[in-house]
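A short write-up of the structure that comes next.
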């Protein structure tokens, strides 16, 4: 089966900066694909390469089997939901949504009807006569989504679309986007720096750093079995354990990772386990995050709220299930 | 005196005493009543503009409702619309029509020439190039208007550089053919309406470039990308996104180019034919002819035209985005 989007050794350099460096990527049709990474990691440049706003310095990009290098954005059946929505301020909501159809020459009645349907799809029926400036952030986000979807793109690109929304709205939109994608069956490529967002929404996640893909996999893969220290640290801030430490518990001299929720913390009573000191506690609502110091090694543990905790500064013993200790590929 | 910011100033009071004296009292007063300061700052310019400038303008306009006694040459201070009737004489109508047509053409040409320059400056010029752009646009404004016009007279003259250039390019026949045309032609460019037009466009161009550039600067780059993303070709993006969003700037610029052309009396005097423009008509009527009422009536014409122009621009929604 042809990939929806395929990158072969794609690089994009800006002067001496390698924004994207020899990236290989295959996104399946109908997939919800997330590109996750810190700012400046190249994920947005990858998105812009798919949209056609950037051209690769080298390598080849194909969209549904067709070569895309040198093809301008307006000839790609790919639409983008921009980070700050990029709604046209001089057009009302209906004409914003109908814009793509208008430039394709669809008549006024036809395009307004389609735009009205797209607005219902994002649950904004009847908002057509308003100006973008009169809408809230969440509503603008939906208009931007409707404006892209009305063109029935082969691939929908979303550039941190939820970044400007407050927490509650963001959670609602995450669910809506996910169900919308399921219902429409369009390939979604979603760029985010929020690992929670990527894990909860995507079928597969690519973790970017320094213009390269560190790991591609299902959210579970990425979360449970990070391959490198960077992925372990960036995706859900796992504890990264040095080879010497790992050797004591697994017998192998390799970097390891241990999820904060896999660590049990008990008062020091000379029991089995890693001797440590509780540095600080950080109350997060449902859980409490503990900062620990095990003989110079900084660790984090997450325990359910309401757990009886030792005082800050007290000596504690850490225990964990051996099988939760994950060995990483990265060479020691 | 060195201050150790890490030391809490235990002895400092929570509320500092006033600095005392006139200045301290004034500062406190203005802080409590900011409107008072505003009033003090605005009063002198408002008085100057409101009474001295607008007042004398109205004094002039009031003259247009008087008439001149054709035999004695004395002004008859009786309210009448006779002077406005005189405006409708064929010769005077000609002057008005000629000036309005010139102003419209100059404005149109300014838009066409200014847009690419403004677009480049707003979209692509950065750092040093941007400074160079501003310098290039503003520099002509800092030099004398008359010097620029006489420089153009030399450029456009029969022995001037333009004729020489056309000759070198073996295109003299084209220049001669153009000069042979009625209305726009003449003995040389410097004594033709074409010359007047060229100099008008040159002199007013900065007034068009700057507002258009400011308007384009406010158009976020991602709107252009969004338009392209939605399938619009560069031409469609220009028509549907860039042009409408730049329109307030174009209208602002056209108010300058249009009104300045309507009122100018020096450029057509130095470069052009002997046929008059409104500004020249005002100049000669109030000077040599001594017909102040007719000069005043001529002055009203650009004001009324600009009034309609602004009203039309507002109706077109040109100010919505301001």
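Protein chains in written order, with my numbering: chain A, 1 to 332; chain B, 1001 to 1322. By construction, the Cβ of each residue, glycine as well, lies at the ideal position given by its N, Cα and C atoms.
According to DSSP, is residue 262 of chain A part of a helix, a strand, or is it coil? The count along the first chain starts at 1 and reaches residue 262 of chain A at position 262. In the structure shown, residue 262 of chain A sits in a helix (DSSP, three-state: H, G or I).
As an exercise, report each continuous alpha helix (DSSP H) stretch of at least 4 residues that is fully enclosed by the region 1046-1079 of chain B, in chain order. Within the region 1046-1079 of chain B, the alpha helix (DSSP H) runs of at least 4 residues that lie entirely inside it are, in chain order, 1054-1063.
Which of the three DSSP states, helix, strand or coil, is assigned to residue 331 of chain A? Looking up residue 331 of chain A in the first chain gives position 331. Residue 331 of chain A falls in the coil class under three-state DSSP.
Quick one: Cα of residue 1156 of chain B to Cα of residue 1178 of chain B, how far? Locating residue 1156 of chain B in the second chain gives position 156, where the first residue counts as 1. Locating residue 1178 of chain B in the second chain gives position 178, where the first residue counts as 1. Each residue's Cα considered, the two are about 14 Å apart.
Quick one: is residue 1276 of chain B buried, meaning 16 or more other Cβ sit within 10 Å of its Cβ, or exposed? Reading the second chain from its first residue, position 276 is the one you call residue 1276 of chain B. The residue is buried, with at least 16 neighbouring Cβ atoms inside 10 Å.
Given this structure, state the Cα-to-Cα distance separating residue 1166 of chain B from residue 1172 of chain B, to the nearest angstrom. Translated into positions along the second chain, residue 1166 of chain B becomes position 166. Translated into positions along the second chain, residue 1172 of chain B becomes position 172. If I take the Cα positions, the gap works out to 5 Å.
When the Cα atoms are used, what is the spatial distance from residue 280 of chain A to residue 20 of chain A? Within the first chain, the letter at position 280 stands for residue 280 of chain A. Within the first chain, the letter at position 20 stands for residue 20 of chain A. About 39 Å.
What does residue 287 of chain A pair with, by DSSP beta-bridge criteria? Translated into the one-based positions of the first chain, residue 287 of chain A becomes position 287. Paired residue(s): A:304.
Min CB distance residue 1225 of chain B to chain A below 8 Å: To locate residue 1225 of chain B, count along the second chain from 1; it is residue 225. Yes, contact with chain A.
Can you list, in chain order, the stretches of the beta strand (DSSP E) that have 3 or more residues and sit fully within the region 14-61 of chain A? Restricted to the region 14-61 of chain A, the beta strand (DSSP E) segments that are unbroken, complete and at least 3 residues in length are 17-27 and 32-36, listed in chain order.
Out of curiosity, what's the CA-to-CA distance linking residue 154 of chain A and residue 1307 of chain B? The residue labelled residue 154 of chain A in the question sits at position 154 within the first chain. The residue labelled residue 1307 of chain B in the question sits at position 307 within the second chain. When rounded, the distance between both Cα atoms is 52 Å.
Looking at C-beta atoms only, is the number of pairs between the region 1266-1286 of chain B and the region 1186-1195 of chain B that lie closer than 8 Å three or more? yes
Can you tell me the Cα-Cα spacing of residue 60 of chain A and residue 4 of chain A, whole angstroms? On the first chain, position 60 is the one that residue 60 of chain A refers to. On the first chain, position 4 is the one that residue 4 of chain A refers to. One C-alpha to the other measures close to 14 Å.
Go to residue 209 of chain A, then tell me how far its beta strand (DSSP E) extends in each direction, as first and last residue. Taking the first residue of the first chain as position 1, residue 209 of chain A is located at position 209. That run of the beta strand (DSSP E) goes 204-209.
Straight-line CA distance for residue 306 of chain A to residue 284 of chain A? Counted from its first residue, the first chain places residue 306 of chain A at position 306. Counted from its first residue, the first chain places residue 284 of chain A at position 284. Using only the alpha carbons, I get a separation of about 11 Å.
Secondary structure, alpha helix (DSSP H): runs of 4+ residues fully inside the region 1204-1240 of chain B: 1221-1229 and 1234-1237
What's the gap between the Cα of residue 251 of chain A and the Cα of residue 273 of chain A? Within the first chain, the letter at position 251 stands for residue 251 of chain A. Within the first chain, the letter at position 273 stands for residue 273 of chain A. About 16 Å.
Which partner residues does residue 63 of chain A have in the DSSP bridge list? Translated into positions along the first chain, residue 63 of chain A becomes position 63. According to DSSP, which records beta bridges pairwise, residue 63 of chain A is partnered with A:5 and A:66.
Do you know how far the Cα of residue 302 of chain A is from the Cα of residue 231 of chain A? Working through the first chain from its first residue, we reach residue 231 of chain A at position 231. Working through the first chain from its first residue, we reach residue 302 of chain A at position 302. About 19 Å.
From which residue to which residue does the alpha helix (DSSP H) around residue 1103 of chain B run? Your numbering for residue 1103 of chain B matches position 103 in the second chain. Start and end: 1090-1123.
Could you tell me which whole alpha helix (DSSP H) segments of length 4 or greater appear in the region 205-261 of chain A? You should have 219-224, 229-234 and 243-250.
Delimiting residues of the beta strand (DSSP E) encompassing residue 187 of chain A: The count along the first chain starts at 1 and reaches residue 187 of chain A at position 187. Unbroken beta strand (DSSP E) run through residue 187 of chain A: 187-192.
Given this structure, state the Cα-to-Cα distance separating residue 1154 of chain B from residue 1256 of chain B, to the nearest angstrom. Looking up residue 1154 of chain B in the second chain gives position 154. Looking up residue 1256 of chain B in the second chain gives position 256. Using only the alpha carbons, I get a separation of about 26 Å.
In whole angstroms, give me the CA-to-CA distance for residue 1073 of chain B and residue 1301 of chain B. To locate residue 1073 of chain B, count along the second chain from 1; it is residue 73. To locate residue 1301 of chain B, count along the second chain from 1; it is residue 301. Near 23 Å, if we compare the C-alpha coordinates of residue 1301 of chain B and residue 1073 of chain B.
What residue range is occupied by the uninterrupted alpha helix (DSSP H) comprising residue 315 of chain A? To locate residue 315 of chain A, count along the first chain from 1; it is residue 315. Note, residue 315 of chain A: premise wrong, no alpha helix (DSSP H); beta strand (DSSP E) at 315-320.
Chain-ordered chain B contacts of residue 103 of chain A [CB-CB under 9 Å]: In the first chain, the residue the question calls residue 103 of chain A occupies position 103. Neighbours of residue 103 of chain A on chain B, chain order: 1227, 1230, 1231, 1232, 1233, 1236, 1237 and 1240.
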